[in-house]
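Residue numbers (my numbering): 1085 to 1948. Glycine included, C-beta positions come from ideal geometry on N, C-alpha and C. Data block below; observations after.
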């Protein structure tokens, strides 16, 4: 390959830009423009008579008494010595300074030493050319040494003209001058030539297209029927079809003239600037708003079995927002619009090099990323742009790049690049947002801000369960703490209860004394299964209560008290107004009438009885001491009826590390989570599952199918992203709170920056809650299965659930004529721990013999 071909194949040299734009960049640009203007004015208005008498350029000793120069005596001195040194080539200096100043202000171009060297080369060669060609020497009164000044006289006249002659010196100086021009402007010669050729070609095409349109309009005007504006259609169709067959440039008719619309100018939206917290001083505080709503709710609804818990926290005060801090006022640099436009131009140029023509769109700068929008031309597949992520990352020198093709709700493609400096999103800003304070969400949780600066507030009641996954250090734990903090700032202990399962021990230790806890913080993976079973039992109890009360879900049950109380009060007031004896609230009318009739018919000496109802057709009658008075045998004692509370609190179950639980008892944990996620929504129980190991054996298909709402942080591979989101994209996140949020019912994930809550803020918030009361645990989780303290068991401490499982195991042993742990695992889909427990129970009861290595157990009884 020849040297000329190698030079032609080189890519254009990129303009050197600052990696980090200095805040003095604009100041330097303005100073350069000011100095260039003053120097140009001084040169234009120079007169030798303005030089002072002590200068060697003065015409006489009395010169300089009156200065006519525009920049005064200083301008006269500078201009005189400059013209003496380099002649009229000195005019290149103010023009070069103007070029540098405009470049500083517009494109943030770095003025290197090479650029200044190019200016020096241009001035020296220009002065030499003026001297060699003997140009402008007639202005001897302005330039005493000729048009080239001292430099031109020495370089051009004394050296080069003597060595190479007039023609050789001119050729050499011209080539060196062009080299200096390229050094100054930073443009490669081939790039400049290509740009000039492209501009000339575009100009010729526009002229040709305009000429064809004018000819067509003239032809149509000649073929138009007089008095109408409609051309002859047959002839036009024939001409148009002939032009298409010949392959000529298609020409539009009058009715099909293309309407040329200029695309809107790109907008630069900066949504990274935090909201000013001084503007919210007059707005009501979050604690005050929710405390008023809580007071109204307590006044309207009576309190039953949960009255002790409600009364205990009756004076509970929600944490004030002053406990959460605003970030320190750092010097947030203003958005460099020139840099953003330069990156967008680089993207458009890189796409054009692959034959993809796009138009630049809006630029949105978010807290963590900046989204550059491009609008593809008609007929271009967006998949072609999406496949060039690696090439665009190379062109923009970005560490990671994400292409959103297309942006939901728009006709543009979004190219997302990480910002050099991330802006912190404080949790307090989200909690003071109007969406969180006055929104309609039942369980609002603050998650973060999207790229457009919009606050993302999720409703845990609508999710109804949440899966959070991401690699270590990506922001998963901070997100969990932000969710807990959002709920603590909104609900009192009698309105919301937490169940926290923390196998890592250190994540939830800040909340050990929180009054909102329904169970102690569970740190042992073996006890986590007991906690989940307690949640399942609580869910079943709630559904029994709902069925007894005729309510369909949690909200209907909590709101039924006010309606029934109002109806009962109205009925009682109507009966009292009619003169009927007063009736105690809550007693059925038929029972009261029957009791009055029996009391009137019985003699005075008969013991007083109370007619409660009928059991299996027999009238149930007892005296005041509880003695049975009926003729037949007394019925068996009733089971204890379910206590129906006035209201129920929400229950939020938080599992911080699912992978540890799945390693302990995967089948049992999966079954418990599946039951909770399938049925617990209507019971007011919601589950938040987090893991830093997004593998398929941890986040199984059953768990994913029942948890539609996902939050994905940065992961190491696209496979992990597909496990979390069922699509790739999480591997392109930049970490430290950058996340993809799939809202309930949403098709596309929303990229946002998670809110930050610090450990000091959590300690202050928990201390405020702990100071108002200690936790009231519903049950204590221990190794003996204390989570089911109200279960009916046998003498060996076996719960009712274990007895039911034991019966199934006996049926399997009877059918297979053998017993082993692996057999029960396969047939009943039990975990190893549960299957081994069943084998131990069978051995204790003498049904099977002791173990003999890997052999099946011997059956000691006749199973038939």
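Proximity of residue i and residue j at Cβ, strictly below 9 Å
i: residue 1171; j: residue 1214; result: yes
i: residue 1795; j: residue 1553; result: yes
i: residue 1152; j: residue 1120; result: no
i: residue 1570; j: residue 1529; result: yes
i: residue 1432; j: residue 1423; result: no
i: residue 1549; j: residue 1572; result: no
i: residue 1835; j: residue 1849; result: no
i: residue 1350; j: residue 1289; result: no
i: residue 1449; j: residue 1354; result: yes
i: residue 1352; j: residue 1447; result: yes
i: residue 1592; j: residue 1738; result: yes
i: residue 1824; j: residue 1783; result: no
i: residue 1156; j: residue 1139; result: no
i: residue 1809; j: residue 1833; result: yes
i: residue 1233; j: residue 1187; result: no
i: residue 1115; j: residue 1212; result: no
i: residue 1547; j: residue 1638; result: no
i: residue 1258; j: residue 1209; result: yes
i: residue 1459; j: residue 1440; result: no
Whole-number beta carbon distance between residue j and residue i, since they are thought to touch under 8 Å
i: residue 1540; j: residue 1531; result: 5 Å
i: residue 1909; j: residue 1556; result: That belief does not hold up - the Cβ atoms of residue 1909 and residue 1556 are roughly 32 Å apart, past 8 Å.
i: residue 1585; j: residue 1781; result: Actually they are not in contact, since the Cβ atoms of residue 1585 and residue 1781 sit about 19 Å apart, beyond 8 Å.
i: residue 1117; j: residue 1182; result: 6 Å
Nonlocal neighbours in the same chain, by C-beta distance under 8 Å from residue i, ignoring five residues either side
i: residue 1203; result: 1176, 1177, 1180, 1264, 1268
i: residue 1930; result: 1944, 1945
i: residue 1689; result: Reliability of the predicted coordinates at residue 1689 is poor, the pLDDT of 38 falling under 50, and the value obtained from them is presented with this limitation in mind. Within the same chain, residue 1689 has no close Cβ partners at all.
i: residue 1953; result: An answer regarding residue 1953 cannot be provided, because it is not within the stretch 1085 to 1948 covered by the chain.
i: residue 1207; result: 1170, 1173, 1174, 1176, 1177, 1235
Contacts around residue i, its chain only, beta-carbon distance under 6 Å, and the 5 residues preceding and following it disregarded
i: residue 1482; result: 1501
i: residue 1821; result: 1559, 1837, 1838
i: residue 1926; result: 1932
i: residue 1159; result: 1126, 1153
i: residue 1965; result: The requested residue 1965 does not occur in the structure, where the chain is confined to residues 1085 to 1948.
i: residue 1856; result: 1400
i: residue 1745; result: 1609, 1612, 1753
i: residue 1902; result: 1940
i: residue 1587; result: 1609, 1741, 1744
i: residue 1486; result: 1500, 1816
i: residue 1198; result: 1267
i: residue 1507; result: 1356, 1451
Same chain only: Cβ atoms within 7 Å of residue i, ignoring 5 sequence neighbours per side
i: residue 1098; result: Per-residue confidence for residue 1098 stands at a pLDDT of 40, beneath the threshold of 50, marking its modelled position as unreliable; no derived number is given.
i: residue 1543; result: 1525, 1526, 1527, 1528
i: residue 1430; result: 1479, 1480
i: residue 1256; result: 1244, 1248
i: residue 1801; result: 1815
i: residue 1190; result: 1422
i: residue 1892; result: 1912
Among the options, nearest to residue i - alpha-carbon criterion
i: residue 1527; options: 1734, 1173, 1460; result: 1734
i: residue 1217; options: 1548, 1195, 1862, 1244; result: 1244
i: residue 1805; options: 1135, 1551, 1889; result: 1551
i: residue 1778; options: 1799, 1772, 1771; result: 1799
i: residue 1917; options: 1886, 1895, 1899; result: 1886
i: residue 1862; options: 1897, 1581, 1731; result: 1581
i: residue 1438; options: 1134, 1475, 1459; result: 1475
i: residue 1407; options: 1538, 1902, 1845; result: 1845
i: residue 1596; options: 1398, 1853, 1238; result: 1853
i: residue 1768; options: 1642, 1748, 1884, 1829; result: 1642
i: residue 1488; options: 1505, 1457, 1620, 1510; result: 1457
i: residue 1510; options: 1566, 1279, 1292, 1198; result: 1566
i: residue 1792; options: 1270, 1771, 1463; result: 1771
i: residue 1137; options: 1161, 1122, 1942; result: 1161
i: residue 1736; options: 1199, 1436, 1575, 1108; result: 1575
i: residue 1109; options: 1507, 1194, 1460, 1905; result: 1194
i: residue 1166; options: 1786, 1590, 1231, 1789; result: 1231
Three-pair Cβ contact test at 8 Å for the segment 1607-1625 versus the segment 1741-1754: yes
Inter-stretch contact (C-beta, 8 Å, three-pair minimum) for the segment 1441-1461 and the segment 1499-1518: yes
Meets three-Cβ-pair contact criterion under 8 Å: the segment 1602-1610 and the segment 1757-1768: no
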